[in-house]
Amino acid sequence: MKVAEIKTALKRYGFNDKDPLLEWINAAYHEIESAHTKWSFLEESEVGTISPGEDPDGRFNVSGGVKRFIKVRDITDEATGGGDGVDLEFWDRRKLQREIPNLRAVGKPEIFSILGASTIQVYPVPSDEREIESTYIQELPDLVDDEDEPLIPVANHYTIVRGAAYIGLQAENEEERAASAQAQFESDLQKMIDGDLARQLGAPSSVEDVEEYA
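Spelled out as structure tokens, the structure:
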């Protein structure tokens, strides 16, 4: 469903174009996003290159909007056929600064840390060009235009309708109808979570319990 179709479905609840439909839609959209920290459909991987001459601090930026990092790997040897990739160990900034006196020391990367929302720093700083793969849960941008389509499975798009409906009905003080729509929304949401977890268990992905990376 595109945003225009979601708005049309919302109007069946008695709303019209004078209501803040897009605001309610985005509120429901982000409520779905926040309901589960490990949505497999929001998992993205990106490969960046760190060159000693260009990146003396061993840093690179991930281009996507990052909600939470999952895993960072040095895949240089794997990509060239010279060996296996290596998972880098996560250290938070305080530990890195406390225990590493010289963050510009050169060697083969073993550790990574996160700066800001989407910058990764590896340590030691690579002595040669390295390819670093970051896997993360992407952050959902707001829906803006009528032609925008939610970045969740198509089968679950109507969940946004129910979520936006209960939010709108609450705003209109229609408590009984709001409670009914909210119950439907929460039921749909739980089915989404259960289904996503079942898919991950049936076909293991790289999603891991690494809440400390957030």
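Quick note: the sequence shown uses this note's numbering, first residue 154, plus one each step. Think of the CB as a built atom: it goes at the ideal place given N, C-alpha and C, for glycine as much as any other residue. Small disclaimer: the values here were computed from a predicted structure and weren't measured.
Indicate whether Y311 and F338 have their beta-carbon atoms separated by less than 7 Å.
Working through the sequence shown from its first residue, we reach residue 311 at position 158. Working through the sequence shown from its first residue, we reach residue 338 at position 185. Their beta carbons are not under 7 Å apart, which means Y311 does not touch F338 by this criterion.
Reference H183; option with closest CA among S204, S198 and I313:
As a first step, residue 183 is located in the sequence shown; it is residue number 30 there, counting from the start. Looking at the Cα atoms, I313 is the closest of the given residues.
Contact check, Q343 vs E197, beta carbons under 7 Å
Taking the first residue of the sequence shown as position 1, residue 343 is located at position 190. Taking the first residue of the sequence shown as position 1, residue 197 is located at position 44. No. Outside cutoff.
For V215, does the three-state DSSP call read helix, strand or coil?
Here residue 215 is taken as the residue at index 62 of the sequence shown, counted from 1. Three-state DSSP puts V215 in coil, outside helix and strand.
Is the beta carbon of R315 less than 7 Å from the beta carbon of L322?
Here residue 315 corresponds to residue number 162 of the sequence shown, with the count starting at 1. Here residue 322 corresponds to residue number 169 of the sequence shown, with the count starting at 1. Cβ atoms of R315 and L322: not closer than 7 Å.
Within 8 Å, do at least three Cβ pairs link the segment 286-303 to the segment 175-182?
yes
When the Cα atoms are used, what is the spatial distance from E365 to A270?
As a position in the sequence shown, residue 365 is number 212, starting the count at 1. As a position in the sequence shown, residue 270 is number 117, starting the count at 1. Residue placement at E365 is poorly supported in this model, since its pLDDT is 42, which falls under 50; the coordinates still yield a value, given next. Each residue's Cα considered, the two are about 14 Å apart.
Using only the alpha-carbon positions, how far apart do I159 and F243 sit?
Working through the sequence shown from its first residue, we reach residue 159 at position 6. Working through the sequence shown from its first residue, we reach residue 243 at position 90. Answer to the nearest angstrom: the Cα atoms are 41 Å apart.
Assuming the contact rule is C-beta atoms closer than 8 Å, I264 and G201 should be a hit. Round their C-beta distance to whole Å, please.
Stepping through the sequence shown from its first residue, residue 264 is reached at position 111. Stepping through the sequence shown from its first residue, residue 201 is reached at position 48. In fact, because the Cβ distance is near 16 Å, the residues do not count as touching under 8 Å.
Counting along the chain, where does the beta strand (DSSP E) carrying L304 start and finish?
For the purposes of this step, residue 304 is taken as residue 151 along the sequence shown, with counting starting at 1. Counting along the chain, L304 falls outside any beta strand (DSSP E), and DSSP gives it neither H nor E.
Looking at R283 and T229, is the spacing between their C-beta atoms short of 7 Å?
In the sequence shown, residue 229 corresponds to position 76, counting from 1. In the sequence shown, residue 283 corresponds to position 130, counting from 1. Cβ atoms of T229 and R283: closer than 7 Å.
How many whole angstroms separate the CB atoms of D227 and V239, which I take to be in contact at a CB cut-off of 8 Å?
Locating residue 227 in the sequence shown gives position 74, where the first residue counts as 1. Locating residue 239 in the sequence shown gives position 86, where the first residue counts as 1. Correct: roughly 5 Å between the Cβ atoms.
What span of residues does the beta strand (DSSP E) with E196 cover, start to end?
Counting from 1 along the sequence shown, the entry for residue 196 is found at position 43. Residues E196 to I203.
Kindly indicate which residue of K171, W177 and L354 has the alpha-carbon position closest to the one of V156.
For the purposes of this step, residue 156 is taken as residue 3 along the sequence shown, with counting starting at 1. Closest option to V156, judged by alpha-carbon separation, among K171, W177 and L354: W177.
With DSSP run on the structure shown, which of helix, strand or coil describes Y182?
Within the sequence shown, residue 182 is the residue found at index 29, counting from 1. Helix, per DSSP.
In whole angstroms, give me the CA-to-CA distance for T272 and L350.
By one-based count along the sequence shown, residue 272 stands at place 119. By one-based count along the sequence shown, residue 350 stands at place 197. Distance between the alpha carbons of T272 and L350 is about 29 Å.
Write down the C-beta distance between Q274 and S266 rounded to the nearest angstrom, noting that I regard them as a contact closer than 8 Å.
In the sequence shown, counting from the first residue as 1, residue 274 sits at position 121. In the sequence shown, counting from the first residue as 1, residue 266 sits at position 113. Confirmed, about 5 Å.
Give the list of continuous alpha helix (DSSP H) stretches no shorter than 4 residues that lie fully inside the segment 266-346.
310-324
What's the call for L163, buried or exposed, on a 16-neighbour Cβ count within 10 Å?
Start at 1 with the first residue of the sequence shown, and residue 163 comes out as number 10. Buried: at least 16 other Cβ atoms inside 10 Å.
Exposure label - V278; buried when at least 16 CB within 10 Å:
As a working note, residue 278 is residue 125 in the sequence shown. Result: buried.
Extent of the continuous alpha helix (DSSP H) to which L163 belongs:
The residue labelled residue 163 in the question sits at position 10 within the sequence shown. Unbroken alpha helix (DSSP H) run through L163: V156 to K164.
Taking only three categories from DSSP, how would you classify G238?
What you label residue 238 is simply residue 85 of the sequence shown in a count that begins at 1. It is coil, neither helix nor strand.
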